[in-house]
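Student: To convert, note that position 170 of the sequence shown is 169 in numbering that gives the first Met the number 0; the numbers rise steadily by one, no gaps. Glycine residues also receive a C-beta, built at the ideal position from the N, C-alpha and C atoms. As the structure is a prediction and not an experimental result, all values here were calculated from the model.
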Amino acid sequence: MQHTSSRVGIALLLAGAVAVVAGADSHEKAEGEAAMEVTEGEATVELCDEGDARPECQQTPPQEGEVKERGVWIGIPGIPIKLANEGVNRCLRPQNGSRIEGRPVVLDTCASTTSRYWITKEERGSSSLPGGRFLYRFKNQFTGFCLEKRPDGSFIQKACTDNLNAPQWFSFEPAPWPPFAGEFLYANSYLGGRRCLRGRTNGTLTATEANCPNFASRRWRRNLF
Numbered sequence: 000m001q002h003t004s005s006r007v008g009i010a011l012l013l014a015g016a017v018a019v020v021a022g023a024d025s026h027e028k029a030e031g032e033a034a035m036e037v038t039e040g041e042a043t044v045e046l047c048d049e050g051d052a053r054p055e056c057q058q059t060p061p062q063e064g065e066v067k068e069r070g071v072w073i074g075i076p077g078i079p080i081k082l083a084n085e086g087v088n089r090c091l092r093p094q095n096g097s098r099i100e101g102r103p104v105v106l107d108t109c110a111s112t113t114s115r116y117w118i119t120k121e122e123r124g125s126s127s128l129p130g131g132r133f134l135y136r137f138k139n140q141f142t143g144f145c146l147e148k149r150p151d152g153s154f155i156q157k158a159c160t161d162n163l164n165a166p167q168w169f170s171f172e173p174a175p176w177p178p179f180a181g182e183f184l185y186a187n188s189y190l191g192g193r194r195c196l197r198g199r200t201n202g203t204l205t206a207t208e209a210n211c212p213n214f215a216s217r218r219w220r221r222n223l224f
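1) Whole angstroms is fine: what's the gap from Lys148's alpha carbon to Ala206's?
2) Taking Thr119 as part of the beta strand (DSSP E), name the residues at either end of that continuous run.
3) So what does Ser170 bridge to, in DSSP terms?
4) Thinking just about the alpha-carbon of each residue, which of Lys81, Arg199, Cys109, Arg221 is nearest to the one in Pro173?
5) According to DSSP, what are the bridge partners of Val105?
6) Note down the Cα distance separating Cys159 from Cys145, rounded to an integer number of angstroms.
7) Less than 8 angstroms between the CB atoms is what I'm expecting for Ile80 and Leu223, so what's the real figure, rounded?
8) Buried or exposed: Pro76, going by 16 or more other Cβ atoms within 10 Å of its Cβ?
9) Hey, out of Pro150, Ser111, Asn164, whose CA is closest to Val122's CA?
10) Decide if Ser111 is buried, meaning its Cβ has at least 16 other Cβ atoms within 10 Å, or exposed.
11) Indicate, with yes or no, if the ligand ZN has a heavy atom lying under 6 angstroms from the CB of Pro79.
12) Leaving aside the five residues before and after Ser114 along the sequence, list all residues of the same chain whose C-beta is less than 8 angstroms from its C-beta, in chain order.
13) Hey, Gly202 and Val105: beta-carbon distance below 7 angstroms or not?
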């Protein structure tokens, strides 16, 4: 009887230990799933302001593996890229990752969420344009909307159109200096009234200048990572 009681006691202890371990595993899994939702989801993110001390708002040099192409090459159409401003080291993204049409497109941290990636469509520009350059439209991988310039020089996301007269078409020009710098990015290129895209430290994006001065805030990098 004593042996039987001992065996029952040991069995109960082992069952209790297994339950504790299982509970811990479930708790860790739940925490991991929650973390995954925060990491991969499109939660509201506060924009960085000038002088912001948060670590994610600090400027960092380009990471190894970033693509800094020049000239007419934009990559294979359909391959998502990030559009990073060289002056503030931030990337284009619909504000807070919103899927609502008409929401502003701003500069935010270059995290690896799909709302920072844009899929390009390439078209041949008019021969009357400087250099007869190629035109590009940028469709957000997360929202499915395209980058569009508004009359006031700000940017929103709108339903994509193939109409080359729509303000959704852009062109690149290499910056003259320094070597391997980013490129100038112009909006409304097909219409002829092109405007230079400029990034600001408060996270806003504007295009009001007819020509890009060679400042870092007017240079852009096309990054795969």
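Tutor: On the basis of the supplied data:
1) 8 angstroms
2) 117-123
3) Tyr185
4) Arg221
5) Arg92
6) 5 angstroms
7) 6 angstroms
8) exposed
9) The sequence shown places Glu at residue 122, rather than the Val named in the question. Comparing Cα positions, the closest option is Asn164.
10) exposed
11) Within the structure as shown, the ligand ZN is missing, as the structure has no ligands at all.
12) Glu41, Arg92, Pro93, Gly96, Asn139, Gln140, Phe141, Thr142
13) yes
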